[in-house]
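**Student:** Have a look at the structure that comes next, please.
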Amino acid sequence: MAQWQELQGLDAASLERLHQLYSGAALPMEARQCLAAWIEDQNW
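Count along the sequence shown from 1, then add 4; that gives the number in this note's numbering.
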């Protein structure tokens, strides 16, 4: 979950860009936040 926590510490402009990237994604930011620990533990 370290990567997700780092993203949450971005400045406002960067967070807005992050929200824009996830707004139309197949995996919405809210789902990504809930699954962050599991996703980051996977060996993709």
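Glycine included, every Cβ here is placed at the ideal spot set by N, Cα and C.
Considering just the uninterrupted stretch of the alpha helix (DSSP H) at W42, what are its terminal residues?
**Tutor:** In the sequence shown, the residue the question calls residue 42 occupies position 38. That run of the alpha helix (DSSP H) goes M33 to D45.
**Student:** Would you mind giving the Cβ-Cβ distance between L25 and L11, rounded to the nearest angstrom? I have them listed as a contact below 8 Å.
**Tutor:** By one-based count along the sequence shown, residue 25 stands at place 21. By one-based count along the sequence shown, residue 11 stands at place 7. With a Cβ gap of about 11 Å, L25 and L11 do not count as contacting.
**Student:** Starting from L11, trace the alpha helix (DSSP H) both ways and give me its first and last residue.
**Tutor:** Counted from its first residue, the sequence shown places residue 11 at position 7. It spans A6 to Q12 - the alpha helix (DSSP H) in which L11 sits, taken as one unbroken run.
**Student:** For Q7, which option in Q37, S27 and E20 has the closest C-alpha, if you only look at C-alpha atoms?
**Tutor:** In the sequence shown, the residue the question calls residue 7 occupies position 3. It is Q37 whose Cα lies nearest to the Cα of Q7.
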